[in-house]
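Quick notes on the structure that follows.
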Amino acid sequence: MTADYDESLEKPQGEPEPQLYEGRIWVDGCFDFFHHGHAGAIVQSRRLGNELYCGVHSDEAILKNKGPSVMNLAERHVTEY
Numbered sequence: 001m002t003a004d005y006d007e008s009l010e011k012p013q014g015e016p017e018p019q020l021y022e023g024r025i026w027v028d029g030c031f032d033f034f035h036h037g038h039a040g041a042i043v044q045s046r047r048l049g050n051e052l053y054c055g056v057h058s059d060e061a062i063l064k065n066k067g068p069s070v071m072n073l074a075e076r077h078v079t080e081y
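The numbering of the sequence shown is UniProt numbering, which starts it at 1 and goes up by one.
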């Protein structure tokens, strides 16, 4: 199945190209069982600016929003770096 091309989604002519923000970039996540997908997201995020700040969700936040995590916060924090 293919989707039809929607010309209304094109950037209007004369509109400037978006600029990369060459500053601070923030990325966060659960990072439970850190894997290559997590690493790829962090690497891509780093390319957007000069500084990358990476947050790790708390055990309580993960339990509330996703269910119990496999690794605790300290374990997830160490694997992220």
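Glycine is no exception: its CB is placed at the ideal position from the N, C-alpha and C atoms.
Burial state of serine 69 is buried, judged by a 10 Å Cβ sphere holding 16 or more other Cβ atoms. The closest CA to that of histidine 77, considering only Gly67, Gly55, Ile62, is found on Gly55. Taking every protein chain shown into account, the CB of phenylalanine 31 has 16 or more other CB atoms within 10 angstroms, so this residue is buried.
For arginine 24, the secondary structure class from DSSP, reduced to helix, strand or coil, is strand. Using a Cβ distance threshold of 8 Å, histidine 38 and glycine 29 count as a contacting pair.
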